[in-house]
Amino acid sequence: MLISGAITALTFDTQVFDRNGRTFRKGLLAQLAQIKNSKIQLIITELVRDEAEKHMLEMHSARQKRVDDAFALVAQNLSDDLVDEICEELQARATPKQIAFHEVNDFFLATNAELAFYDEISISNLFELYFNNKPPFHKGNDKKYEFPDAVALLSLEAYAENSGILVVSSDKDWIEFCNSSENKRLHCIPDLTTALSLINSIETDVKEIASQRSLQFQKLNDGGGLKAAISDNLIERLKRELLFTARTNYFYNARCSSIKIVSITHGEDKTFGKIRDDLSKTIWALELDAVCHIAVDVDFFNDDESYIGCSSYYHFLPIPTISIVKIAGECIDVEVNFDAKTTLDLGAITPDELTQSVTEDH
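Its first residue numbered 1, the sequence shown is counted upward by one per residue in UniProt numbering.
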């Protein structure tokens with residue numbers, strides 16, 4: 001699922017945070033900074049963020065109280081000046097609330113995490129779970145305590161509408177909810193170690209896939225296949241979309257009878273680059289200048305639409321193009337784009353005149 005691109009995000013429950021020592025600054029949670037520039041997006045539910053802040057607040061408040069209590073015991077044995085100095089330092093400490101806020105904020109910055117919001121859930125879906133005893137609600141627990149988990153899980157389900165999420169949790173209710181989720185995009189695993197191992201294994205595979213696609217592109221170019229595909233695509237589009245203008249006293253209908261690509265070049269001032277590279281496909285874009293030799297047949301008509309005759313013309317036409325090359329698996333697709341207003345000026349034309357040839361149109 002990861003290698004196919006069906007799973008593009010990772011999340012975890014509050015138990016994972018608690019088992020990590022109630023901190024984002026060390027342990028396995030600190031290692032999540034490695035996915036900041038990967039193909040995997042870290043998702044944090046508002047529940048986990050709020051509970052993590054609450055647990056850190058409790059922990060740091062307890063620590064500060066122990067320090068304050070210890071200082072109160074020894075203060076009676078210290079000089080007044082030293083007591084005043086220590087008091088000033090203690091008063092200058094960051095508050096537990098400030099410590100928790102900065103730690104959460106730093107974690108979001110380090111991992112580029114996104115928040116799954118409470119307001120993304122459907123209230124009707126929430127009460128459907130509640131009244132039907134569906135996970136995380138069930139008859140064996142006090143259901144009122146499961147509302148926060150239900151909201152978090154539904155927010156993840158809403159976020160996973162278009163892509164899968166790897167959910168790290170060993171909570172029975174979270175596991176049951178993921179397994180029974182209707183969109184089948186929540187995939188539960190028990191621990192963060194397994195999650196990071198999976199992510200790192202697919203990152204290696206992704207690099208190998210990207211390397212293989214680059215080789216495919218190089219072989220296509222070196223073997224002439226890229227130029228041929230661009231030429232074929234350009235010819236087909238010109239036959240359908242090329243516009244004509246001319247000076248004549250008659251009604252006329254112009255059409256391309258044949259098109260030959262004389263040259264396709266990539267000038268120094270033209271761009272070339274990879275515009276997409278993910279698990280599903282790699283896409284390149286390149287600007288090319290094409291010169292086409294175009295044969296045009298023109299039918300002429302009177303005002304009453306009666307046929308008069310025809311003439312043929314040959315023109316060279318330079319066309320700036322942008323080619324999009326997509327590689328997905330063994331499938332290679334080439335799409336050529338040019339200005340939809342590209343027009344071939346036939347000049348002065350009349351019926352049944354000798355074949356006209358123009359060296360180059362601009």
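The beta-carbon is built from N, C-alpha and C at its ideal position, and this holds for glycine as well.
Please read these numbers as outputs of a predicted model, since none were measured by experiment.
Status (buried if at least 16 other CB within 10 Å, exposed otherwise) for residue i
i: Tyr313; result: buried
i: Tyr307; result: exposed
i: Gly164; result: buried
i: Glu157; result: buried
i: Cys292; result: buried
i: Leu215; result: exposed
i: Cys178; result: buried
i: Ser69; result: The sequence given here places Asp at residue 69; Ser does not occur at that position. Under this definition Asp69 is an exposed residue.
i: Val74; result: exposed
i: Arg237; result: buried
i: Cys87; result: exposed
i: Ala94; result: exposed
i: residue 392; result: Residue 392 lies beyond the range of the chain shown here (1 to 362); nothing can be said about it.
i: Asp222; result: exposed
i: Asp13; result: buried
DSSP bridge partner residues for residue i (one or two, in chain order)
i: Ser312; result: Asp297
i: Ile264; result: Ala290
i: Gly273; result: Ala285
i: Gly164; result: Ile7
i: Glu317; result: In the sequence under discussion, the amino acid at residue 317 is Leu, which differs from the Glu named in the question. Its beta-bridge partners are Cys292.
i: Cys256; result: Val296
i: Ser114; result: One point to set straight first is that residue 114 is Glu, not Ser, in the sequence displayed. According to DSSP, Glu114 bridges with Ile43.
i: Leu243; result: Thr343
i: Ala328; result: Cys331
Contacts around residue i, its chain only, beta-carbon distance under 6 Å, and the 5 residues preceding and following it disregarded
i: Ala52; result: Phe17
i: His60; result: Pro96, Ile99
i: Ile275; result: Ile283, Ala285
i: Lys36; result: Thr111, Asn112
i: Glu360; result: Low confidence applies to Glu360: its pLDDT is 47, below 50, so where it sits in the model is not reliable, and the reading given next is rough at best. Closer than 6 Å at Cβ, skipping near neighbours: Phe316.
i: Phe272; result: Leu286
i: Lys270; result: Glu287
i: Gly225; result: none
Given residue i as reference, the closest of the options once Cα atoms are compared
i: Ser263; options: Lys227, Arg237, Arg240, Asn77; result: Lys227
i: Glu46; options: Asp80, Asn77, Asn37, Phe108; result: Phe108
i: Ser155; options: Ala254, Arg213, Ile44; result: Ile44
i: Gly309; options: Tyr250, Ala210, Arg185; result: Tyr250
i: Lys260; options: Lys281, Val296, Asp304; result: Val296
i: Asp303; options: Asn105, Ala94, Tyr252; result: Tyr252
i: Pro318; options: Ile235, Arg240, Pro351, Ala210; result: Ile235
i: Cys331; options: Lys281, Leu153, Ser311; result: Lys281
i: Asp348; options: Ile175, Tyr118, Ser311; result: According to the sequence shown, residue 348 is Ala rather than Asp. The shortest Cα separation from Ala348 among Ile175, Tyr118, Ser311 belongs to Ser311.
i: Asn337; options: Glu85, Phe101, Arg240; result: Arg240
i: Asn233; options: Ile209, Asp333, Ala210, Leu186; result: Asp333
Residue i versus residue j - alpha carbon distance
i: Lys65; j: Leu57; result: 12 Å
i: Lys172; j: Leu196; result: 21 Å
i: Glu182; j: Leu32; result: 28 Å
i: Thr193; j: Val167; result: 12 Å
i: Ala340; j: Asn200; result: 45 Å
i: Ile7; j: Glu335; result: 28 Å
i: Ser323; j: Leu220; result: 14 Å
i: Ala9; j: Gln41; result: 4 Å
i: Ile294; j: Cys256; result: 7 Å
i: Asp81; j: Ser38; result: 54 Å
i: Ala254; j: Val325; result: 31 Å
i: Gln212; j: Gln34; result: 24 Å
i: Tyr159; j: Ile327; result: 28 Å
i: Asp191; j: Ala62; result: 28 Å
i: His362; j: Asn162; result: At His362 the pLDDT is 43, less than 50, meaning the model places this residue with poor confidence; the figure from the coordinates comes in the next sentence. Each residue's alpha carbon lies about 47 Å from the other.
i: Leu346; j: Arg247; result: 8 Å
i: Asp299; j: Glu305; result: 11 Å
i: Asp277; j: Gly329; result: 13 Å
i: Ile230; j: Lys184; result: 40 Å
i: Ala290; j: Thr350; result: 29 Å
i: Pro320; j: Ala152; result: 52 Å
i: Cys188; j: Ser170; result: 8 Å
i: Lys207; j: Ser258; result: 44 Å
i: Asp84; j: Leu78; result: 10 Å
i: Gln76; j: Ala92; result: 21 Å
Own chain partners of residue i with C-beta closer than 8 Å, once the 5 adjacent residues on each side are dropped
i: Glu343; result: Per the sequence shown, the amino acid found at residue 343 is Thr instead of Glu. So the list reads Leu242, Leu243, Phe244, Thr245, once near-sequence residues are dropped.
i: Glu103; result: Thr23, Phe24, Arg25, Met56
i: Val67; result: Leu90
i: Thr11; result: Leu42, Ile43, Ile44, Thr45, Val48, Ala116, Leu156, Ile165, Leu166, Val167, Val168
Cβ shell of residue i (< 7 Å), same chain only, five flanking positions each side left out
i: Asn20; result: Gly27, Leu28, Leu29
i: Arg148; result: Checking the sequence shown, residue 148 turns out to be Pro, not Arg. Answer for Pro148: Leu47, listed in chain order.
i: Leu175; result: Note that residue 175 is Ile in the sequence shown here, rather than Leu. Contacts found: Ser169, Cys188.
i: Ala72; result: none
Chain D within 8 Å of residue i, Cβ atoms only
i: Lys270; result: Looking at the structure shown, chain D is missing, and only one protein chain is on hand.
Residue i CB to nearest heavy atom of the ligand COA below 7 Å
i: Arg276; result: You won't find the ligand COA in this model; it holds no ligand whatsoever.
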